[in-house]
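Colleague: Here you go, one structure.
This is how it looks when you write it as structure tokens:
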């Protein structure tokens, strides 16, 4: 059954890649509209998340924004399949990149060896890996969590490989990532907007504390790398702009800032992007899961 599903998905991917981008975007939005009515579980998560994040909104605005968000998720997923096989010149026709002048000069002896960018599930977020190849002197890299189904995981990696970006499976390839960072020349993008479980740093996001991955902050400090955020905004049907935020300072009074302080700055930058365009973020994910408390144990190990 798994092989059949992978075969059908692969066929759908090839078919989508033959279509013009705007057709793909419209098909994706239509799929999102259908999902809005059929996927009750994720619809409830979206509505609840938005109600709590924007208590001043009336129910009609919450529902309208959530429905548009589901359409955009469909559009972004479908378009990611198409943009995966577009040439760099074609990508620059449909995706503007703003703020790269904020980057330090890479490749100099006294310059930084690496750079870390905290990113999130905004717009067509697969474009981060595609666009980074236009930045000279740096090799784009990121991490991912492999899918449980080997066939579907292979299709995902096939879509990503043309970008030239290095992909490291976060559970099994941490050592390879460390080796690449030690060698230098890496522009590392790390998704930083999902619940990170008990290993995360608890920090406010849209008015409520949530578990946030400290990976971007830790690696920026460990490798003395400049730290930024970047957001992919949808500007119209099948068009996006990636905006690089201001550098997040990792030093204060000549000493490293705390991981907690850096995580707070990252959350505030991502929060501002959500407020700017609420329908552009991935609301179907429950970012605010409660902290799981470990049971107390006696010295003998008994509960």
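In the working numbering, the protein residues as written are 2 to 304. Yeah, the Cβ is synthetic: ideal placement off N, Cα and C, and Gly gets one too.
#1: Between 77, 109, 89, 211, which has its C-alpha nearest residue 264's C-alpha?
#2: I'd like the list of long-range same chain contacts for residue 81, defined as Cβ closer than 7 Å, with 5 residues on each side in sequence excluded.
#3: Please go through the same chain and pick out, in chain order, the residues whose beta-carbon is closer than 7 Å to the beta-carbon of residue 376, but skip the five residues on each side of it.
#4: Near residue 33, which residues of its chain fall below 6 Å by C-beta distance, leaving aside the five closest residues on each side in sequence?
#5: Determine the burial state of residue 214: buried for a count of at least 16 other Cβ atoms within 10 Å of its Cβ, exposed for fewer.
#6: Let me confirm a value: residue 276 is counted as buried when at least 16 other C-beta atoms fall within 10 Å, else exposed. Which label applies?
#7: Only counting the same chain, and skipping five residues up and downstream in sequence, which positions put a Cβ closer than 6 Å to that of residue 12?
#8: Can you find the residues in the same chain that come closer than 8 Å, C-beta to C-beta, to residue 146, ignoring five residues on each side of it along the sequence?
#9: What residue from 27, 50, 36, 20 has the CA that sits closest to residue 288's CA?
#10: Using only the alpha-carbon positions, how far apart do residue 252 and residue 78 sit?
#11: At 4 residues or longer, and completely inside the segment 188-234: list those alpha helix (DSSP H) runs for me, N to C.
#12: Using only CA atoms, which one of 233, 279, 269, 46 lies nearest to residue 130?
#13: On the premise that residue 183 lies in contact with residue 293, defined as a C-beta separation below 8 Å, what is that separation, rounded to the nearest angstrom?
#14: DSSP puts residue 169 in a beta bridge; with which residues?
#15: State yes or no: is the C-beta of residue 268 within less than 7 Å of the C-beta of residue 229?
#16: Near residue 303, which residues of its chain fall below 6 Å by C-beta distance, leaving aside the five closest residues on each side in sequence?
Modeller: Quick answer:
#1: On the chain shown, position 263 is the one that residue 264 refers to. The shortest C-alpha separation from residue 264 is found at 211.
#2: Stepping through the chain shown from its first residue, residue 81 is reached at position 80. Around residue 81: 125, 127.
#3: Within the shown structure, residues of the chain are numbered from 2 to 304, placing residue 376 beyond reach of any answer.
#4: Numbered from its first residue, the chain shown carries residue 33 at position 32. Counting only Cβ-Cβ distances below 6 Å, and skipping sequence neighbours, we find 71, 72, 74, 75.
#5: Here residue 214 refers to the residue found at position 213 when the chain shown is read from its first residue. Burial call: buried.
#6: Within the chain shown, residue 276 is the residue found at index 275, counting from 1. Residue 276 comes out exposed.
#7: For the purposes of this step, residue 12 is taken as residue 11 along the chain shown, with counting starting at 1. Correct list: empty, nothing qualifies.
#8: Taking the chain shown and counting its residues from 1, the one referred to as residue 146 is at position 145. Cβ neighbours of residue 146 beyond the five flanking positions: 170, 171, 172.
#9: As a position in the chain shown, residue 288 is number 287, starting the count at 1. Here the closest residue by C-alpha is 50.
#10: On the chain shown, position 251 is the one that residue 252 refers to. On the chain shown, position 77 is the one that residue 78 refers to. In a straight line, the C-alpha of residue 252 is about 38 Å away from that of residue 78.
#11: 216-223
#12: Sequence index remark: in the chain shown, residue 130 carries index 129 (1-based). Of the listed residues, the one whose Cα sits closest to residue 130 is 233.
#13: By 1-based counting over the chain shown, the position of residue 293 is 292. By 1-based counting over the chain shown, the position of residue 183 is 182. Not confirmed; about 34 Å, so no contact.
#14: Locating residue 169 in the chain shown gives position 168, where the first residue counts as 1. Residue 169 is bridged to 144.
#15: Here residue 268 refers to the residue found at position 267 when the chain shown is read from its first residue. Here residue 229 refers to the residue found at position 228 when the chain shown is read from its first residue. It is not a contact, given that the beta carbons lie outside the stated cut-off.
#16: Numbered from its first residue, the chain shown carries residue 303 at position 302. Since pLDDT at residue 303 reaches only 38, below the 50 mark, its modelled position is unreliable, and the value read off the structure follows with that caveat. There are no such residues.
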